[in-house]
Amino acid sequence: MIDWNHTYAAIWRQRQEFLRPVRQIDPIRLDQLLGIEPQKQQMIDNTQRFLAGLPANNALLWGARGTGKSSLVKALLNEYLHEGLRIIEVDKQDLLYLPEIVDDIREHNQRFIIYCDDLSFENGDALYKPLKSVLEGSIELPPENVLFYATSNRRHLLPEHMRDNLDTLLIDGEVHYSDTIEEKISLSDRFGLRLAFYPQHTQTYLDIIDSYFVDHPGNRETLHKAALDFAHQNAAKNGRTAKQFFNAFSNDERTEQW
Numbered sequence: 001m002i003d004w005n006h007t008y009a010a011i012w013r014q015r016q017e018f019l020r021p022v023r024q025i026d027p028i029r030l031d032q033l034l035g036i037e038p039q040k041q042q043m044i045d046n047t048q049r050f051l052a053g054l055p056a057n058n059a060l061l062w063g064a065r066g067t068g069k070s071s072l073v074k075a076l077l078n079e080y081l082h083e084g085l086r087i088i089e090v091d092k093q094d095l096l097y098l099p100e101i102v103d104d105i106r107e108h109n110q111r112f113i114i115y116c117d118d119l120s121f122e123n124g125d126a127l128y129k130p131l132k133s134v135l136e137g138s139i140e141l142p143p144e145n146v147l148f149y150a151t152s153n154r155r156h157l158l159p160e161h162m163r164d165n166l167d168t169l170l171i172d173g174e175v176h177y178s179d180t181i182e183e184k185i186s187l188s189d190r191f192g193l194r195l196a197f198y199p200q201h202t203q204t205y206l207d208i209i210d211s212y213f214v215d216h217p218g219n220r221e222t223l224h225k226a227a228l229d230f231a232h233q234n235a236a237k238n239g240r241t242a243k244q245f246f247n248a249f250s251n252d253e254r255t256e257q258w
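Okay, so the sequence shown: first residue is 1 according to UniProt numbering, each after it adds one.
What follows is the structure, encoded as structure tokens:
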């Protein structure tokens, strides 16, 4: 049994069917996340409402990879853990256990975010059905102390194909989607807060680089050139690439020459 007074996060382990307490939480903070101010503020507002016992929404953070979606959820925990916020991470394949997990925490005083990273489903995948039920489709109301936050590269979580639109009709100026489209949209519709994360601009990437190398005494222009070369090599200019560049070069002898 987890003591939630002293445990701030846990991960569901399917094989043993238990929640494993997290001892070393990622220390990322909100002020370290650059280039996503509108999304960050909306998540802060929603989480503060949740902690205050006010109506709040399940959140889907979707969009380009490496743009801070999962880091934002972790940073919210670090910001509000002393106000009673707790996070339980559940993998997609373990969504089947959501009802049992929720039953175990609904009577606690803390406020829980069930967090699923990189959530998406393929054709024929039925795992999204228990998720729909837990979000709002059951005969029992969701507990007031539980929200669901998910990150995904897909807006509607399910794959979309051109053929799905063949049965969509326009009647009296109104779009009537095909049953396939309606099924796919109905899942994402259960997230009252849906935030898009777009590829980051070069300047945002360089700002993130500067935040990692804030104490770097060398030539900033040379540092930026090396960071851009690294980004081109990795085919991405985003926060994840900036952190990888820092990991690779923060204690490298070459940085003394930059």
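By construction, the Cβ of each residue, glycine as well, lies at the ideal position given by its N, Cα and C atoms. Please read all numbers here as calculations on a predicted model, not as lab measurements.
| message | What would DSSP say about Glu89, mapped onto helix, strand or coil? | response | strand
| Which of helix, strand or coil DSSP assigns to Ile36 | coil
| Under 8 Å between the Cβ atoms of Pro142 and Glu136? | yes
| request: Out of Ala150, Thr222, Ala231, state which residue places its alpha-carbon closest to the alpha-carbon of Phe191. | output: Ala150
| request: State the DSSP-derived secondary structure class of Ser71, mapped to helix, strand or coil. | output: helix
| said: Taking its Cβ as the centre, do 16 or more other Cβ atoms sit within 10 Å of Leu223, making it buried, or is it exposed? | reply: buried
| task | Mind checking which residues open and close the alpha helix (DSSP H) that includes Pro130? | result | 128-132
| message | Is it buried or exposed, Leu54, if we count other Cβ atoms within 10 angstroms and call 16 or more buried? | response | exposed
| task | May I have the straight-line CA-CA distance separating Tyr198 from Arg111, to the nearest angstrom? | result | 30 Å
| Supposed close pair Ser188, Leu60 - CB separation, criterion 8 Å | 6 Å
| message | At the level of alpha carbons, what is the spacing between Gly63 and Leu147? | response | 21 Å
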